[in-house]
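Which chain is which? The protein sequence lines are A and B, in order.
The UniProt record's numbering puts the last residue of the first sequence at 456; the count rises by one with no breaks.
The UniProt record's numbering puts the last residue of the second sequence at 753; the count rises by one with no breaks.
Glycine included, every Cβ here is placed at the ideal spot set by N, Cα and C.
For reference, the structure discussed in these notes is given below.
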Amino acid sequence: MDFQVVVLAGGTSKKLVPLVSKEVPKALLPVANRPVLSYVLEQLELSNIKDLIVVVEGADAALCVGGWISAAYVDRLHVEVATVPEDVGTAGALRAIAHHLTAKDVLVVSGDLVSDVPPGAVTAAHRRHDAVVTAMICSVPVSGLSEAGSSGAKDKTKKPGRYNIIGMDPTKQFLLHIATGAELEKDTRIRKSILRAVGQMDIRADLMDAHMYAFNRSVLQEVLDQKDKFQSLKQDVLPYLVRSQLKSEILINGAPQGQQAKENGNDKVSYRILANASTPSFHELYALGPNGSAPVRRTHKCCVYIASNSKYCVRLNSIQAFMDINRDVIGEANHLSGYNFSAQNNIIHPSAELGSKTTVGPHCMLGEGSQMGDKCSVKRSVIGRHCRIGSNVKVVNSVVMNHVTIGDGCSIQGSVICSNAQLQERVALKDCQVGLGYVVSAGCEYKGESLARKEK
Amino acid sequence: MGAQKKRAAAAAAAARVSEDPDDLARQPLQAILLADSFTTKFRPITLERPKVLLPLVNVPMINYTLAWLEAAGVAEVFVFCCAHSKQVIDYLENSEWFSQPNFTVKTIESHNIISAGDALRLIYEQNVIHGDFVLISGDTVSNMSLTQALQEHKERKKKDNNAVMTMIIKKSKPSPITRQSRLGTDELFMAIDPNTKQLLYYEDKADHSKGTICLDKMLLAENPSISLHNDKQDCYIDICSPEVLSLFTDNFDYQHLRRHFVKGLLLDDIMGYKIFTHEIHSSYAARIDNYRSYDIVSKDIIQRWTYPYVPDVKFCGNRATKLERRGMYRALEIEQSRSAQVGSFTVIGYGTKIGSNSKISDSVIGEGCTIGSNVLIEGSYIWDNVIIEDGCELRHVIVCDGVIMKAGAVLKPGVVLSFKVVIGERFVVPAYSKVSLLQQPTVHDSDEELEYADNSSGTVEFSCTADQSNGEMTSESSEAHKPKLGTGGVGYIWSICEGGQEEEWRHSVAPIPEDKLTELSEAMDDDQELVTQDRTALSTSGELISDSNASEGDDNEDSKDDSVYFEKEVEATFLRAVEENVKVDHVILEVNSLRLSYNMTSADCAGAVFYSMMKLAIKTPHSSAIGLLTLYPSPFSMVASNAYPIYLSGELQQNTANIITTWQKLLKSYLLEIDEEIEIILKFEEMCLESAKEFSPLFARILHILYDKDILQEDAILRWADEKEGADESDKVFVRQSEKFIQWLREASEEED
């Protein structure tokens, strides 16, 4: 397979503080008690892609991730872990590992993607059109459940879930326009030239870029070399390629365009034959001269692969997303978790101990060796390994990681408790995040706060 | 004839059968037919005959429209006549349209109307439209069935009272090179909601200088999915609710149906009126807007796309014509020499004579024409009673009634010969020229006005005089202008309007020449380049630079342009006021009106006024005495700039102080709140950094002056300082400079507390 796979595992994202720390980089955040990176790796494994490069920002994080991968996938995957400095951005990360890339095409996947879309489908779409880039597009996730929560309400007053504005041709194969980030707040400007070439453009505001791209390797490297200011694939490289598709500035060494470049009599004919093999796309038509003569303009193709609505596809890039994904993976999208659910639609590890009159509802997970006291109630939550939970504890819509101690009479709603944290008696938390090893003293009540140890 | 006609009607639309019987009974469908296009595209022909009566494949255009309306189930048509109304009414009275069962044609006449908007206002006043109606102009050829579109319109109307109009559109991709549709109309950009088919954006008079389409951000916030189309053609057939008429009355400045009415409704979000589209796929609809569409629609008719409205089917007043092989239509009593070759897709009218060895192809020849021998006619439209002598050549031309072409005359592609013109022997009429017996009107309305402000009373007069004085005119002009059209030629060659020369090929009947296409496609490359470049520039500024600048980049170019213009206008106003000693109150009035017309906030005004004042201060020669520094003794040490000798800055400061004193009232009238004051400080800062660096050493002092004059309150200054707290170092230069002053203000306010 002439595809190289790069997984961008990130480092310690600032957005996810206090969930992430030096010991727990983003890639290792647990989703249903498995590191989030494992979801990507497993999908790749399913597509029979076994050679991959995992790029991690920061040496500490790389050490953690590398250690985990070598332990978990020792005999299954051939993984190279590359370290890049922090804050180089996704484009910078690829620039740093450019010398490792040799295949014709490169599949770049974000390590925080939790999805059941087969990467093979994206690479197939990429190859079919011989595109320079193919982006996977999915529907905007329905953020929420905790709609009453602060973030949910805020989103609602704004525009609900707008991540990208994406323009496609009517066949939904080609990417014609993409707006991200700050551009979303502005009026959308669509270039007429591309509209003229394609005739009709469907603009969607309810789709988002899932950060899984297939690139033509030589194009990618050329763009990264020439545009040294580009930091992000999503915000710089992809929009640049989309923008310049009818006026390609890249010299492609690959087959079809190379032919176009050193055009002489024979090549012209073979190009024609190639183009006639299927209905020419608007790119090819546009490239032609005024009376259908040989191509006079250089174009390149940007394609999309749209994940169907039934597929699950969310990126773990905010605390809200972390909660949503944890909830979904043991709930609606439970096929992703790889666990077998019990008749009650939940997973309780055989070694977990439950006290009397303790109930664990559906869509819950209780990890290995965790103990719960009497009269507890767990609803739609994930509890990690070896947690010690006292009596009369309520856990609703929350994620409790490993080795957490929770005292009697605590009430936890919509919160995340990181590993080794300790909640003393009668703590009430609502919409809070408790950082690694933090101790919440008895009787405290918090709402919507982020509790973490002071950084050293 | 009768049987044929019935068949035609039945084939055109099985429409009425399926129509909801109740609905139809309650409200017979009405239509407004505008028998005037309010444009001048068909001049010079339309100076003598109204456009709707021009023959299209030997049948006056209006008959196609009326026949379609009848077949589509319209019960009552109001024909609105303006230019040459007499001719239209006479024609209709003599036609069979007034004697149809179940189909009433009424005429409304007016002479002082200059646009479709006025016409609809007049019709509203007459109070004759009672329900949904079809709005169409009399130059439309169609065979679509209205049933579905009407039904959709009614259903939408039931659900949403604001759905006032349904526009019929058809797929037709304009050429990316010429940027016009095959009908010769400008390319059209539309945004349509793919689910509801609501029209969200409409841009027809495409501004080629702008490389982008700007969709309002609210549009996408409300509709997650939008289809942008460049591949649709507006058929100019609209199904309207009665509200449309009252809307025209309410907005008395709506003139043009599309440019004003449609755009007005799309922009207006207060009333929330909505326009929807209905796309037709297999049926035909096209409007004859210019010579090119005349050519294309004629060819479509000959090739039977408009069935049943084709020459060999009798739909109204057309003479019996027989369809032969290869798309040849021949009327009766044609005298054709054996050696004459009549090629494919040609229509020959009743009683025409064709001489030997003549070749005719892809053309329409009217009734009673006489064509000599060795004549070549290609892709041309010859109307009635034309005499073409031996050896003439006509390629892609329009020749009106009664024209005489002397032997050997040649018409180059794109020529239009108006009524009764005579072309002299062996004369070659240059390409794209228009020849008429009437002289070209010299009055030129300015730019856009021309589009709809013409063809009115002036034209009517023109044609009257033409009719009366035809005899003398011909004799007179034949003498005066002999050399122009060769020996024995009669008529004037119209000079092509200024600026129009370039565009003449776009709308002519002749195909677009090859070299034009090449030229255009090269031009297209260039502007593509421009666009790409400027987009790249935009994106680098928009995305890569830190947040503080991003907010600035956020202003889109349009509003930036606007504000630049606004600033210039204010500056000009202000300078004029200074020169002419205009009273402050008057200046305020003027600036206010500018503000309204540019839709600016009072902060913008304050900024612009302040900007002009400071500009003036710089421009005023630094002549007055030295050392006026003492006049405004500043207790705060100033960072003296090396570049500016102290006395110079002193003068500048003095100038500034004087100007501020004189015009403080003007400035104050825009300083309603603290925000505006902050705006001024920010503006000043920007000036110091960019356009007027002279001020930079004086920043703190002038700030102080402004404070002394009560133009800026201390709150504003302090808030500005606070805002700057978090800014970059480079941004803080001026805060630093005025640090002491700010400090002093802070202390003062604390003392007060």
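CB contact flag (residue i, residue j, <9 Å)
| i | j | result |
| --- | --- | --- |
| tryptophan 383 of chain B | serine 436 of chain B | no |
| histidine 129 of chain A | serine 281 of chain A | yes |
| histidine 507 of chain B | arginine 292 of chain B | yes |
| aspartate 160 of chain B | lysine 274 of chain B | yes |
| leucine 56 of chain B | leucine 33 of chain B | no |
| residue 755 of chain B | leucine 517 of chain B | Residue 755 of chain B is absent from the model: chain B starts at 1 and stops at 753. |
| lysine 568 of chain B | alanine 692 of chain B | no |
| alanine 210 of chain A | asparagine 223 of chain B | no |
| glutamine 233 of chain B | lysine 299 of chain B | no |
| glutamine 653 of chain B | isoleucine 711 of chain B | no |
| proline 308 of chain B | threonine 321 of chain B | no |
Distance between residue j and residue i (C-alpha atoms, nearest Å)
| i | j | result |
| --- | --- | --- |
| glycine 211 of chain B | glutamine 235 of chain A | 22 Å |
| leucine 19 of chain A | leucine 29 of chain A | 8 Å |
| aspartate 445 of chain B | threonine 40 of chain B | Confidence at aspartate 445 of chain B is low in this model, with a pLDDT of 45, below 50, so the placement of that residue should be treated as unreliable; the coordinate-derived value is given next. Approximately 11 Å between the Cα atoms of the pair. |
| valine 56 of chain A | leucine 107 of chain A | 16 Å |
| cysteine 316 of chain B | isoleucine 226 of chain B | 43 Å |
| asparagine 317 of chain A | aspartate 228 of chain A | 26 Å |
| isoleucine 213 of chain B | aspartate 204 of chain B | 12 Å |
| alanine 255 of chain A | threonine 134 of chain A | Per-residue confidence for alanine 255 of chain A stands at a pLDDT of 40, beneath the threshold of 50, marking its modelled position as unreliable; the derived number appears in the next sentence. Each residue's Cα considered, the two are about 18 Å apart. |
| leucine 417 of chain B | asparagine 385 of chain B | 13 Å |
| alanine 71 of chain B | isoleucine 365 of chain B | 28 Å |
| asparagine 48 of chain A | valine 7 of chain A | 15 Å |
| residue 496 of chain A | alanine 82 of chain A | Any question about residue 496 of chain A goes unanswered here, given that chain A covers just 1 to 456. |
Among the options, nearest to residue i - alpha-carbon criterion
| i | options | result |
| --- | --- | --- |
| tyrosine 350 of chain B | B:Gln303, B:Arg319 and B:Glu725 | B:Arg319 |
| alanine 75 of chain B | B:Met190, B:Lys106, B:Asn655 and B:Gly379 | B:Lys106 |
| glutamine 173 of chain A | A:Arg298, A:Cys303, A:Arg426 and A:His386 | A:Cys303 |
| residue 808 of chain B | B:Val609, B:Asn655 and B:Thr620 | Limits of chain B in this structure are 1 at one end and 753 at the other, which puts residue 808 of chain B out of reach. |
| tyrosine 284 of chain B | B:Cys235, B:Gln148, B:Leu245 and B:Gly607 | B:Cys235 |
| isoleucine 203 of chain A | A:Leu175, A:Ser310 and A:His403 | A:Leu175 |
| methionine 372 of chain A | A:Arg380, A:Asn340, A:Asp225 and A:Gly409 | A:Gly409 |
| glutamate 96 of chain B | B:Asn63, B:Ala72 and B:Cys81 | B:Asn63 |
| glycine 390 of chain A | A:Lys379, A:Asp374, A:Val378 and A:Ser398 | A:Asp374 |
| isoleucine 417 of chain A | A:Asp87, A:Asp60 and A:Asn33 | A:Asn33 |
| glutamate 183 of chain A | B:Val141, B:Asp216 and B:Asp204 | B:Asp216 |
| asparagine 230 of chain B | A:Lys227, A:Leu224, A:Leu233 and A:Met201 | A:Met201 |
| glutamate 677 of chain B | B:Ala510, B:Leu652 and B:Leu718 | B:Leu718 |
| isoleucine 347 of chain A | A:Ile383, A:Phe322, A:Ser356 and A:Tyr312 | A:Ile383 |
| lysine 263 of chain B | B:Pro224, B:Phe189, B:Asn195 and B:Pro242 | B:Phe189 |
| asparagine 162 of chain B | B:Ser85, B:Phe276 and B:Gln126 | B:Phe276 |
| glycine 367 of chain A | A:Val427, A:Thr358 and A:Arg388 | A:Arg388 |
| glutamate 109 of chain B | B:Thr662, B:Ala35, B:Ile371 and B:Leu66 | B:Ala35 |
| phenylalanine 427 of chain B | B:Ala149, B:Gln440 and B:Gly408 | B:Gly408 |
| arginine 330 of chain B | B:Ala340, B:Arg338 and B:Val347 | B:Val347 |
Which of helix, strand or coil DSSP assigns to residue i
| i | result |
| --- | --- |
| serine 225 of chain B | strand |
| asparagine 162 of chain B | coil |
| isoleucine 383 of chain B | According to the sequence as given, residue 383 of chain B is tryptophan; it is not isoleucine. In this structure, tryptophan 383 of chain B counts as coil in the three-state DSSP scheme. |
| glycine 167 of chain A | strand |
| threonine 196 of chain B | coil |
| tyrosine 329 of chain B | strand |
| glycine 10 of chain A | strand |
| proline 119 of chain A | helix |
| glutamine 654 of chain B | helix |
Closer than 9 Å to chain E by CB, residue i
| i | result |
| --- | --- |
| leucine 183 of chain B | In summary, chain E is missing from the structure at hand, where the protein chains are A and B. |
- Task: Enumerate, from N- to C-terminal direction, the unbroken alpha helix (DSSP H) stretches of 4 or more residues contained entirely within the stretch 84 to 133 of chain B.
- Result: 85 to 94 and 116 to 126
- Of all the beta strand (DSSP E) runs that stay within the bounds of the stretch 232 to 313 of chain B, which reach a length of 3 or more residues? 232 to 240, 274 to 280 and 285 to 287
- Message: As an exercise, report each continuous alpha helix (DSSP H) stretch of at least 4 residues that is fully enclosed by the stretch 191 to 257 of chain A, in chain order.
- Response: 192 to 198, 217 to 226 and 238 to 243
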